[in-house]
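These notes are about the structure you will find just below.
Residue numbers (my numbering): 73 to 249.
Structure representation (structure tokens):
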């Protein structure tokens, strides 16, 4: 959201629901992800908890547009959350590396998803997703870095923005818009 030059971040939900939203949005356009997530909320209610997802038949989740693998991943996230989502609440005290390790242990959550969680749910200021296509595209356009450069090049490029790589990323995405 943009207003007079300011970039406003969307409010996030609980860590659990934010992770479910990330999984739903993987490899989809923002619009498609938003539509499917809206259907999920309509199905289980906006304030849904892990047990609401776990109680659903897989076919019901598939009927709202989730693939078989995403259905499995969302149920996995629901199980990983633990009672009252206590397993995710404890992430707050952990380092970025520990959070990435814990989250990527859940099937369906890769490094990119864990990095988005760190940026937008936990509001960690110094995170850079080297595999993000949008970030690469913006850096390529602004700095002339070839798109097919190896990961080291992207990591080195992002170092100049440390300790505010998250903020730099947000501006790079905004630049693409």
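For every residue, glycine included, the Cβ atom is placed at its ideal position computed from N, Cα and C.
Residue i to residue j, Cα distance in whole Å?
i: residue 176; j: residue 144; result: 15 Å
i: residue 135; j: residue 229; result: 43 Å
i: residue 157; j: residue 219; result: 39 Å
i: residue 237; j: residue 169; result: 15 Å
i: residue 117; j: residue 222; result: 43 Å
i: residue 159; j: residue 153; result: 5 Å
i: residue 199; j: residue 190; result: 7 Å
i: residue 115; j: residue 142; result: 16 Å
i: residue 155; j: residue 120; result: 13 Å
i: residue 202; j: residue 102; result: 20 Å
i: residue 131; j: residue 139; result: 10 Å
Do the CB positions of residue i and residue j come within less than 7 Å of each other?
i: residue 216; j: residue 95; result: no
i: residue 261; j: residue 124; result: No answer is possible for residue 261: it lies beyond the span of the chain, which begins at 73 and ends at 249.
i: residue 108; j: residue 148; result: no
i: residue 146; j: residue 92; result: yes
Take the Cβ of residue i as the centre, count every other Cβ of all protein chains shown within 10 Å, and call the residue buried at 16 or more, exposed below.
i: residue 99; result: exposed
i: residue 122; result: buried
i: residue 269; result: Beyond the ends of the chain as shown, which are 73 and 249, falls residue 269; an answer cannot be given.
i: residue 235; result: exposed
i: residue 211; result: buried
i: residue 172; result: buried
Do residue i and the ligand GTP come close, with the Cβ less than 6 Å from some heavy atom?
i: residue 172; result: You won't find the ligand GTP in this model; it holds no ligand whatsoever.
Could you check whether the segment 189-209 touches the segment 230-245, counting it as contact only if at least three pairs of C-beta atoms, one from each stretch, sit closer than 8 Å? yes
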